[in-house]
Amino acid sequence: MQSRLAFWLVILGLGAAVGGCNLLESAPGTMMTEQSLYDRLGGKPAITAVVDDFVGRVAADNRINGKFANADLPRLKMMLVDQICQASGGPCTYTGRDMKTAHAGMGINGSEFDALVRDLVATLNKFKVPEREKNELLAALGPMRTDIVERP
39 MQSRLAFWLV ILGLGAAVGG CNLLESAPGT MMTEQSLYDR LGGKPAITAV
89 VDDFVGRVAA DNRINGKFAN ADLPRLKMML VDQICQASGG PCTYTGRDMK
139 TAHAGMGING SEFDALVRDL VATLNKFKVP EREKNELLAA LGPMRTDIVE
189 RP
């Protein structure tokens, strides 16, 4: 059960490689202020709403829900929110395991990883996450793939 929970924590842990900033316009003669990805996403309430929808979508996805079936959903959601919050520059602290350790021996294949990414994209689209922020989150998935996928 813990390895399955870790699988899903990893996927939304997009944040380890995420941390983009947006320069806000400022009045002439003042310093430019950077806004974190966390703030651009809408903070913890918005991240929580996205995670709730995403976890529900994955749980209903017959391509991958078998790896998710025994997870403690409330804990999973909390860990995912904290992971994304921290990774995007927010005030949260993620206390979960690293992705390689969390997924060792699970036999996750490329198709399962890709299905999860498609579910995430569908959720981000549903919430009308702007392209820049969506791309920053999705760009973090590439490097994580090698730590998660064990079979082609």
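Residues 39 to 190 in our numbering are what the sequence shown lists, from first letter to last.
C-beta atoms are modelled at their ideal positions from N, C-alpha and C, and glycine is treated no differently.
Exercise. Count the other C-beta atoms from every protein chain shown that fall within 10 angstroms of the C-beta of Lys105, then say buried if there are 16 or more, exposed otherwise.
Key: Counting from one through the sequence shown, the residue named residue 105 turns up at place 67. Result: buried.
Practice problem: Label Thr133 either buried or exposed according to how many other C-beta atoms from any shown protein chain fall within 10 Å of its C-beta, with 16 as the threshold for buried. | Solution: What you label residue 133 is simply residue 95 of the sequence shown in a count that begins at 1. Exposed, since its Cβ has fewer than 16 Cβ neighbours within 10 Å.
Quiz prompt | Buried/exposed call for Lys115, threshold 16 Cβ in 10 Å | solution = Position 77 of the sequence shown holds residue 115. Lys115 should be labelled buried.
Quiz item: Which residue's Cα is closest to the Cα of Arg189: Thr161, Ala142, Val167 and Asn163?
Solution: For this step, residue 189 is matched to residue 151 along the sequence shown. Of the listed residues, the one whose Cα sits closest to Arg189 is Ala142.
Quiz item: Out of Leu176, Leu158 and Gly80, which has the shortest C-alpha to C-alpha gap to Val96?
Solution: Counting from 1 along the sequence shown, the entry for residue 96 is found at position 58. Of the candidates Leu176, Leu158 and Gly80, the one whose C-alpha sits nearest the C-alpha of Val96 is Leu158.
Self-check item: Identity of the residue in Asn103, Phe92 and Met137 nearest Val119 by Cα
Solution: As a first step, residue 119 must be located in the sequence shown, where it is residue number 81. The residue with the shortest Cα to Cα distance from Val119 is Phe92.
Quiz item: Between Glu150 and the rest of its own chain, which residues show a CB-CB distance below 6 Å, the 5 nearest in sequence each way excluded?
Solution: Along the sequence shown, read from residue 1 onward, the residue named residue 150 stands at position 112. So the list reads Ile102, once near-sequence residues are dropped.
Quiz item: Is it buried or exposed for Glu174, if we count other Cβ within 10 angstroms and need 16 for buried?
Solution: Here the question's residue 174 lines up with position 136 in the sequence shown. Buried, since its Cβ has 16 or more Cβ neighbours within 10 Å.
Practice problem: Alpha carbon to alpha carbon, how far is Thr139 from Lys166? Give it in angstroms, no decimals. | Solution: Along the sequence shown, read from residue 1 onward, the residue named residue 166 stands at position 128. Along the sequence shown, read from residue 1 onward, the residue named residue 139 stands at position 101. Approximately 33 Å, taken between the alpha carbons.
Quiz item: What are the boundary residues of the alpha helix (DSSP H) that Glu171 is part of?
Solution: Within the sequence shown, the letter at position 133 stands for residue 171. It spans Glu169 to Ala177 - the alpha helix (DSSP H) in which Glu171 sits, taken as one unbroken run.
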